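Read the structure below first, then the notes.
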Amino acid sequence: MALKDYCFDGKRQLKLKEMPTDAGEYKVQKSDLVALTEANMTQAAMLQEKLYAAKREGLVFALQARDAAGKDSLIKKVFSHLNPAGLKITSFKVPNKTDLAHDYMWRINRAMPERGTIGVFNRSHYEDVLVVQVHQMQKDYILAPRCLTEDFFERRYRQLNNWEEYLWENGFRMVKVFLNVSKEEQKNRFMDRMELTEKHWKLSVGDMKERALWDEYERVFEDCINATATEHAPWYVLPADNKWYTRYLMSEIILRTLEDMDPQFPPLNAEEAAKIPMAMQELENE
Ligand code: ATP
Ligand code: MG
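Okay, so the sequence shown: first residue is 0 according to numbering that gives the first Met the number 0, each after it adds one.
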């Protein structure tokens, strides 16, 4: 499968059951793809420098997944190749009281990177249509009745699309990534967390409860991705059972997105350029 086969930009419907969760035929190419990941990220880092210098556009990667799909390690192993000075990584946990006293985009807006930098959302505004929908949390929200309509999530999908279009029109790109792990592999990873002391800190019994809602999450993920996949803010549904393969695909997404943005070093303005000969002369005469 080529990168475009993992991409959903509103032109075709996603059927999650038809999407692979592992590297499939690419398993034989593991070492090549590991090397390619490094090479991609070296190139991406060079483009990141131009993005930073140009400051014309900002970029956000929103990572969504089931538990133990590998969001954290993807950040650690792939995004770590970029210059940390131009990166802004934000993890979105359960909203606190202050978050809940605002509209749901409030905390998201505050986490937006400046133009010229790259944001990584570890979970994102999509939690507000995913976990909230699966658990019907909106029913317990303190909200005016007119806001709690039957089409609550359809409205939110519309709001998310509008917001992402607004960002696009204001110089920001949003790329959404769903790490698609299989039920078997999640079980293996949960087992590791229980058996290995160095993984105990990642263990959460609450995550096991979410596993019982596997099918419901699948339905909601599919519905959400289909409703919010657009040309300017596409979704990528990446197989997550083989971490090296997920990392390779993520490096491709980062590099291709930056290439598409095509940042350029800004030229020196004429006034500054005119001062160069004199400044050089001064240095030479020191
Ligand atoms: P890790 O477990 O790797 O540290 P994590 O992202 O799973 O990372 P946790 O603190 O375990 O972090 O989980 C965060 C929890 O917050 C998740 O269960 C997620 O669904 C929940 N959450 C995030 N945003 C919202 C939201 N807007 N409304 C309700 N729950 C949310
Ligand atoms: Mg967790």
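Yeah, the Cβ is synthetic: ideal placement off N, Cα and C, and Gly gets one too. Given the structure is predicted, the values throughout are model-derived calculations rather than measurements.
Which of helix, strand or coil DSSP assigns to residue i
i: methionine 360; result: The chain is shown only over 0 to 285; residue 360 falls outside these bounds and no answer can be derived.
i: isoleucine 117; result: strand
i: glutamine 63; result: strand
i: asparagine 241; result: coil
i: phenylalanine 78; result: helix
i: tyrosine 103; result: coil
i: leucine 13; result: coil
i: asparagine 95; result: coil
i: valine 33; result: helix
i: leucine 267; result: coil
i: leucine 323; result: Given a span of 0 to 285 for the chain in the structure shown, any question on residue 323 remains unanswerable.
i: methionine 249; result: helix
i: methionine 40; result: helix
i: alanine 24; result: Rather than alanine, the amino acid found at residue 24 in this sequence is glutamate. If DSSP states are grouped into helix, strand and coil, glutamate 24 belongs with the helices.
i: methionine 355; result: Residue 355 is absent from the model: the chain starts at 0 and stops at 285.
i: asparagine 160; result: helix
i: methionine 193; result: helix
i: serine 72; result: helix
i: aspartate 261; result: coil
i: alanine 278; result: helix
i: alanine 228; result: coil
i: glutamate 285; result: coil
i: methionine 0; result: coil
Those residues which DSSP pairs with residue i across a bridge
i: lysine 87; result: Gly118
i: glycine 287; result: Residue 287 is absent from the model: the chain starts at 0 and stops at 285.
i: tyrosine 235; result: Cys6, Val176
Reference residue i, options the options, closest by Cα
i: arginine 157; options: Ile224, Tyr51, Ala273, Leu73; result: Ile224
i: threonine 89; options: Asn108, His101, Ala100; result: Asn108
i: serine 79; options: His124, Met111, Glu37; result: Glu37
i: aspartate 4; options: Glu251, Ala67, Ala68; result: Glu251
i: methionine 173; options: Gln63, Asp222, Ala84, His101; result: Gln63
i: lysine 49; options: Glu163, Glu271, Asp261; result: Asp261
i: alanine 44; options: Leu81, Leu166, Lys76; result: Leu81
i: isoleucine 253; options: Trp167, Lys26, Leu73, Gly23; result: Leu73
i: alanine 1; options: Tyr247, Ala278, Glu285, Leu282; result: Tyr247
i: leucine 212; options: Ala22, Lys75, Gln132; result: Gln132
i: glycine 57; options: Glu24, Gly118, Asn39, Gln12; result: Gly118
i: alanine 110; options: Leu86, Asn179, Gln137, Val128; result: Leu86
i: glutamate 126; options: Pro233, Phe220, Asp31, Leu282; result: Phe220
i: histidine 199; options: Asp206, Gly205, Asp191; result: Asp191
i: phenylalanine 151; options: Ala67, Gln137, Leu257, Trp162; result: Gln137
i: glutamate 113; options: Asn121, Ala53, Ala100, Asp66; result: Ala53
i: arginine 210; options: Arg55, Asp222, Arg188; result: Arg188
i: glutamate 230; options: Lys175, Gly115, Ala278; result: Lys175
i: proline 83; options: Glu270, Gly115, Asp98; result: Gly115
i: aspartate 66; options: Thr196, Glu184, Met277, Gln280; result: Glu184
i: leucine 159; options: Lys182, Thr227, Met193; result: Thr227
Proximity test, Cβ basis, 7 Å: residue i and chain B
i: arginine 246; result: In summary, chain B is missing from the structure at hand, where a single protein chain is found.
**OP:** Could I get the ranges of all uninterrupted alpha helix (DSSP H) runs contained in the stretch 202–226, with 4 residues as the minimum, in chain order?
**Re:** 204–210
Original post:
What are the complete beta strand (DSSP E) segments, minimum 3 residues, inside the stretch 110–155?
Top reply: 117–121
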